[in-house]
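Q: I have a structure here, written as structure tokens, and I will follow up with some questions on it.
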Amino acid sequence: MSNSHILHDHERAARQSLIDHCRAMNASGLSLNKSGNASIRWREGLLITPTGRAYDRLLPEDIVYLQADGTCPPGQLLPSSEWRFHCDILHAFPEMNAVVHVHSTHATALACLGEGIPAFHYMVAVAGGDRIPCAEYATFGTGELSANVLRALEGGLRACLMANHGQVTTGKTLSEAYALAEEVENLARQYLLARMLGHTRDLPAEEMARVLEKFSTYGQQR
Numbered sequence: 001m002s003n004s005h006i007l008h009d010h011e012r013a014a015r016q017s018l019i020d021h022c023r024a025m026n027a028s029g030l031s032l033n034k035s036g037n038a039s040i041r042w043r044e045g046l047l048i049t050p051t052g053r054a055y056d057r058l059l060p061e062d063i064v065y066l067q068a069d070g071t072c073p074p075g076q077l078l079p080s081s082e083w084r085f086h087c088d089i090l091h092a093f094p095e096m097n098a099v100v101h102v103h104s105t106h107a108t109a110l111a112c113l114g115e116g117i118p119a120f121h122y123m124v125a126v127a128g129g130d131r132i133p134c135a136e137y138a139t140f141g142t143g144e145l146s147a148n149v150l151r152a153l154e155g156g157l158r159a160c161l162m163a164n165h166g167q168v169t170t171g172k173t174l175s176e177a178y179a180l181a182e183e184v185e186n187l188a189r190q191y192l193l194a195r196m197l198g199h200t201r202d203l204p205a206e207e208m209a210r211v212l213e214k215f216s217t218y219g220q221q222r
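Dropping the structure here:
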């Protein structure tokens, strides 16, 4: 990044948080080596992980700032190859402030079948709907892939699988988006295990509607 840009404490902490969450991806197995990426809304644009850099070597100065339209100011590393859908998601869903993309094993296996996760378990509602869909395949880093992901997230969904690729989650905070990625991976693992034993007994739409209503007031209320 440009030497003229001095990181103040708040920005340095935001950049370090991205690094910490990406290192946690590696440690947990959500994404291995350099795969996966994450972003957070920042000022008029976003902060995103750079492409092709090992997370254990990243410094706050290596995190890339993109303007809202995806323009990358000079003097920085190149952003993640998936910067486009990060920008588009944050633009399309102003209530969301973070995006996490990982190649977690079970979610990716299911995505390689071109399948999403149906309402086999009530916790599917954690992603905001009665299913977790699978976005149609397109080459990574393309506008077509971004359009497919946005289409899959329509209707207030906060997560989707990406055919032959992985999964993407959103959140009001980075920690929330990361926790949802863990939930989606766990649900994918459970669903694949259940499928080994036979057909799942999926919950009807009316029950998932009740679950979604209960989720809206679940947890500690401030």
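Residue numbering for the sequence shown follows full-length UniProt numbering, beginning at 1 and increasing consecutively. Heads up, the beta-carbon is just placed ideally off N, CA and C, and yes, glycines get one too.
1. Mind listing, in chain order, the continuous beta strand (DSSP E) runs of no fewer than 3 residues lying wholly within the region 47-89?
2. Among all the DSSP beta bridges, which residues are the ones paired with Met162?
3. Would you mind reading off the limits of the beta strand (DSSP E) that contains Ala38?
4. Whose CA, out of Ser80, Tyr65 and Lys34, lies closest to the CA of Pro74?
5. Any idea if Tyr218 is buried or exposed, counting beta-carbon neighbours within 10 angstroms, 16 or more meaning buried?
6. Can you say whether Asp130 is buried or exposed, counting buried as having 16 or more other CB atoms within 10 angstroms of its CB?
7. What residue range is occupied by the uninterrupted beta strand (DSSP E) comprising Val99?
8. Please determine if the region 184-196 and the region 101-108 are in contact, where contact requires at least 3 C-beta pairs separated by less than 8 Å.
9. By the DSSP assignment, the alpha helix (DSSP H) with His10 in it spans what residues?
10. Would you tell me roughly how many angstroms separate the C-alpha atoms of His8 and Asp56, rounded to the nearest one?
11. Considering Arg195, what are the terminal residues of the alpha helix (DSSP H) in which it resides?
12. Please state whether DSSP places Lys214 in a helix, a strand or coil.
13. Give the DSSP bridge partners of Gly128, in chain order.
14. Any idea what DSSP makes of Gly116, helix, strand or coil?
15. Check each candidate in Glu136, Gly166 and Gly143 and name the one with the smallest Cα separation from Ala152.
16. By the three-class DSSP mapping on this structure, what secondary structure does Gly171 have?
17. Let me make sure I understand the geometry here. Which of His199, Leu212, Leu30 and Gly114 has the alpha-carbon closest to that of Pro133?
18. Is it right to say Asp69 is buried, meaning 16 or more other beta carbons lie within 10 angstroms of its own, or is it exposed?
19. Count the other CB atoms, across all protein chains shown, that sit within 10 Å of the CB of Pro79; report buried if there are 16 or more and exposed otherwise.
20. Assuming Ile40 and Ala24 form a contact by the criterion Cβ under 8 Å, report the distance between their Cβ atoms to the nearest whole angstrom.
21. Gly143 to Ile48, Cα distance in whole Å?
A: On the basis of the supplied data:
1. 64-67
2. Here residue 162 refers to the residue found at position 162 when the sequence shown is read from its first residue. Ala135 and Gly166, per the DSSP bridge assignment.
3. Sequence index remark: in the sequence shown, residue 38 carries index 38 (1-based). Unbroken beta strand (DSSP E) run through Ala38: Asn37 to Trp42.
4. For the purposes of this step, residue 74 is taken as the residue at position 74 of the sequence shown. Of Ser80, Tyr65 and Lys34, the residue nearest in Cα terms is Tyr65.
5. Position 218 of the sequence shown holds residue 218. That one is exposed.
6. Counted from its first residue, the sequence shown places residue 130 at position 130. When all chains shown are included, Asp130 counts as buried.
7. Counting from 1 along the sequence shown, the entry for residue 99 is found at position 99. Ala98 to Val102 is the span of the beta strand (DSSP E), which, as asked, contains Val99.
8. yes
9. Stepping through the sequence shown from its first residue, residue 10 is reached at position 10. Asp9 to Ser28 is the span of the alpha helix (DSSP H), which, as asked, contains His10.
10. Looking up residue 8 in the sequence shown gives position 8. Looking up residue 56 in the sequence shown gives position 56. Approximately 22 Å, taken between the alpha carbons.
11. For the purposes of this step, residue 195 is taken as residue 195 along the sequence shown, with counting starting at 1. Counting along the chain, the alpha helix (DSSP H) containing Arg195 begins and ends at Leu174 to Leu197.
12. Residue numbering aside, residue 214 sits at position 214 when the sequence shown is read from its first letter. Residue state, collapsed to three classes: helix.
13. Counting from one through the sequence shown, the residue named residue 128 turns up at place 128. For Gly128, which the question treats as bridged, DSSP gives no partner whatsoever.
14. Translated into positions along the sequence shown, residue 116 becomes position 116. Coil, per DSSP.
15. In the sequence shown, residue 152 corresponds to position 152, counting from 1. Residue Glu136 is the option with its Cα nearest to Ala152.
16. As a working mapping, residue 171 is identified with position 171 in the sequence shown. In this structure, Gly171 counts as strand in the three-state DSSP scheme.
17. In the sequence shown, counting from the first residue as 1, residue 133 sits at position 133. Measuring from the Cα of Pro133, the nearest candidate turns out to be Gly114.
18. In the sequence shown, counting from the first residue as 1, residue 69 sits at position 69. Exposed, by the Cβ-count rule.
19. Sequence index remark: in the sequence shown, residue 79 carries index 79 (1-based). Pro79 should be labelled buried.
20. Stepping through the sequence shown from its first residue, residue 40 is reached at position 40. Stepping through the sequence shown from its first residue, residue 24 is reached at position 24. The Cβ separation is near 15 Å, so there is no contact.
21. Locating residue 143 in the sequence shown gives position 143, where the first residue counts as 1. Locating residue 48 in the sequence shown gives position 48, where the first residue counts as 1. Rounded to whole angstroms, Gly143 to Ile48 spans 17 Å at the Cα level.
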